[in-house]
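Structure first, then comments.
Residue numbers (UniProt numbering): 1 to 655.
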């Protein structure tokens, strides 16, 4: 059947021989013919195929696995045969050891190659590059090599801001002007399981006074920036692009959340979803791909890390589209920090003013605190880079390079190495230039859990990982890489711990739970109003889900009311005061507070063009916080993980 040979003539003779033999055998078997005399020839042909495979330096266990593959080759397309050849050449013949006879599990066999094709196409350089990199990193890990050998740490150059002062206000104004030339990228590949919440994390309410979820909050901030920036530029046409990186776990539910809420007011054309693929797991130091324990026709996979966002953006073509449209900045942020947009305008202003190619947002960091430190590393060969160094690596690195005390606080009471919070601002032109060299590939790491000190076998499979903030590792020394530090209270309150884990955190350290994340929003808003001249009462301490937190007045507003400090300050006049038990909700743009005395709950609703003056005394029974047990399954997950619910007793509404 020469026409069949031509179809498959895309691989070396070994594959052709295998395909021919299999189809020859299959053809005669199907006719129930018995040609006993050809059996010795067929056996010798199989031996010849095995010899050819051996000459290709394919892993020595091919003898047991190849027959299973040979029997099934007639099921495969030419492209799938090529993938099989790649796997064999990469020493992955064990993947075929347990394949059944033709006619059994045939659909699963084809699905296997569909998965292999995805794994091969979604990784820069394909599976060959992935396995080669893995073998190198696994060898380094086994030998205990230090990735920082030859590097000396020092404090990089950056901008330290104080909320509300003249410099801060100036940077905020510059940032708002630049916003119409920016694109925003939300890295949102995770579920809330670690938080005790089974939904996608961006659907979790950032606070329960209004029930606004994280995704709604982020979109409303971007829209507020868009409107303010266009207004300052004297036009109204520019739409800020908004990208969400999803995963298999979150993609469908993210689409449903957007569509069921009309994209929270954003035009659907502004929003792009890029789905991240997982990567293959590794079973041993030879980087043999792990078989899924629940399906012998699947390779086990796990997330590769949020560093994939760079490769996805590069392959999507969005970066060049943005550049052609005149955009200048790309802002990256993660999924459950309810404070981050309070820091973004000023940080973007710093990037524009200092002309940074990379600007990492940071917060003051106590020495040895469990948060990475932004560090300049200079190698003995002259190379240097400014990157995040994990806290458990920074202290020993300092001690090994002439700093006998390691990571210690300076006269400010904080470490000189600011704390990384995984929010990046990249200058688009230099970003495209760098990604044209790397295709978005980020320096990876591997973290195998060994069974014992010999480091010869793993407790469970591992995989390569990469982090978004490691982008600067490949930049040339000429790159302008800096940071912007802001107070933690205004910039950083992630939600990443469940109630049980948060309750174990030593007092004085951040809980990083849904409880502390919500309280941080009220604290930040209260402190902003204080700085704007409002007499906001001190908080009281309460315990929810075993966590002792400060409870400030529950103050929230829509981003379009108070995007910057100067805007908020301009909307407050006279002597305003808010008691600790109060709740204030502002839903409107042109709402002005004058001589307001609030002791209770006040909700202000205003149409887009309406101007509302809120003044005088407001006193009512208000809303209270009632403790709930996080183990009480009669309470919705998003409530019980906080340890409290809001009891809405009485309020005043002004419309």
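Glycine included, every Cβ here is placed at the ideal spot set by N, Cα and C.
Assuming the contact rule is C-beta atoms closer than 8 angstroms, residue i and residue j should be a hit. Round their C-beta distance to whole Å, please.
i           : j           : result
residue 576 : residue 599 : So it is not a contact: roughly 12 angstroms between Cβ atoms.
residue 400 : residue 311 : With a Cβ gap of about 33 angstroms, residue 400 and residue 311 do not count as contacting.
residue 584 : residue 563 : Contact flag wrong, Cβ pair sits at about 18 angstroms.
residue 117 : residue 331 : With 8 angstroms as the limit, residue 117 and residue 331 do not qualify as a contact, their Cβ atoms being about 33 angstroms apart.
residue 172 : residue 565 : 6 angstroms
residue 533 : residue 572 : 6 angstroms
What residue range is occupied by the uninterrupted alpha helix (DSSP H) comprising residue i?
i           : result
residue 306 : Per DSSP, residue 306 belongs to no alpha helix (DSSP H) and is neither H nor E.
residue 174 : 166-178
residue 113 : 106-122
residue 254 : 251-260
residue 143 : 126-143
residue 666 : Lying outside 1 to 655, the shown extent of the chain, residue 666 is not represented and no answer is given.
residue 320 : 318-324
residue 81  : 78-89
Mind checking who residue i pairs with in its DSSP beta bridge?
i           : result
residue 419 : 363 and 373
residue 478 : Residue 478 pairs with nothing; no bridge assigned.
residue 597 : 577 and 617
residue 604 : 586 and 654
residue 648 : 623
residue 379 : 151
residue 557 : 586
residue 667 : The first residue shown for the chain is 1 and the last is 655, placing residue 667 beyond what the model contains.
residue 592 : 613
residue 531 : For residue 531, which the question treats as bridged, DSSP gives no partner whatsoever.
residue 444 : 466
Do residue i and residue j have their C-beta atoms within less than 8 angstroms of each other?
i           : j           : result
residue 319 : residue 249 : no
residue 207 : residue 639 : no
residue 222 : residue 214 : no
residue 457 : residue 284 : yes
residue 360 : residue 329 : no
residue 495 : residue 204 : yes
residue 365 : residue 112 : no
residue 589 : residue 561 : yes
residue 367 : residue 409 : yes
residue 482 : residue 158 : yes
residue 568 : residue 528 : yes
residue 338 : residue 217 : yes
residue 252 : residue 281 : no
residue 179 : residue 240 : yes
residue 141 : residue 472 : no
residue 475 : residue 148 : no
residue 345 : residue 164 : no
What separation, rounded to the nearest whole angstrom, lies between the Cα atoms of residue i and residue j?
i           : j           : result
residue 130 : residue 307 : 15 angstroms
residue 424 : residue 184 : 10 angstroms
residue 154 : residue 466 : 24 angstroms
residue 296 : residue 194 : 29 angstroms
residue 54  : residue 438 : With a pLDDT of only 45 at residue 54, under the threshold of 50, the placement of this residue in the model should not be trusted; the figure read from the coordinates follows. Whole-angstrom Cα-Cα distance: 34 angstroms.
residue 65  : residue 86  : Bear in mind that a pLDDT of 49 at residue 65, under 50, signals an unreliable position, so the number given afterwards is only what the model happens to contain. Each residue's Cα considered, the two are about 15 angstroms apart.
residue 490 : residue 546 : 24 angstroms
residue 553 : residue 256 : 33 angstroms
residue 247 : residue 126 : 19 angstroms
residue 161 : residue 627 : 37 angstroms
residue 587 : residue 233 : 25 angstroms
residue 461 : residue 289 : 9 angstroms
residue 641 : residue 580 : 23 angstroms
residue 430 : residue 386 : 16 angstroms
residue 652 : residue 634 : 30 angstroms
residue 502 : residue 303 : 24 angstroms
residue 32  : residue 102 : Model confidence at residue 32 stands at a pLDDT of 34, short of 50, so the residue's coordinates are unreliable; what they give is reported in the following sentence. Taking the straight line joining both Cα atoms gives about 16 angstroms.
residue 484 : residue 362 : 6 angstroms
residue 515 : residue 81  : 54 angstroms
residue 231 : residue 432 : 29 angstroms
residue 324 : residue 313 : 15 angstroms
residue 480 : residue 426 : 10 angstroms
residue 245 : residue 254 : 10 angstroms
residue 71  : residue 132 : 29 angstroms
residue 542 : residue 536 : 18 angstroms
residue 470 : residue 604 : 44 angstroms
residue 271 : residue 354 : 29 angstroms
residue 539 : residue 551 : 5 angstroms
From which residue to which residue does the beta strand (DSSP E) around residue i run?
i           : result
residue 244 : 242-247
residue 334 : 329-334
residue 388 : 384-389
residue 540 : 540-544
residue 550 : 547-551
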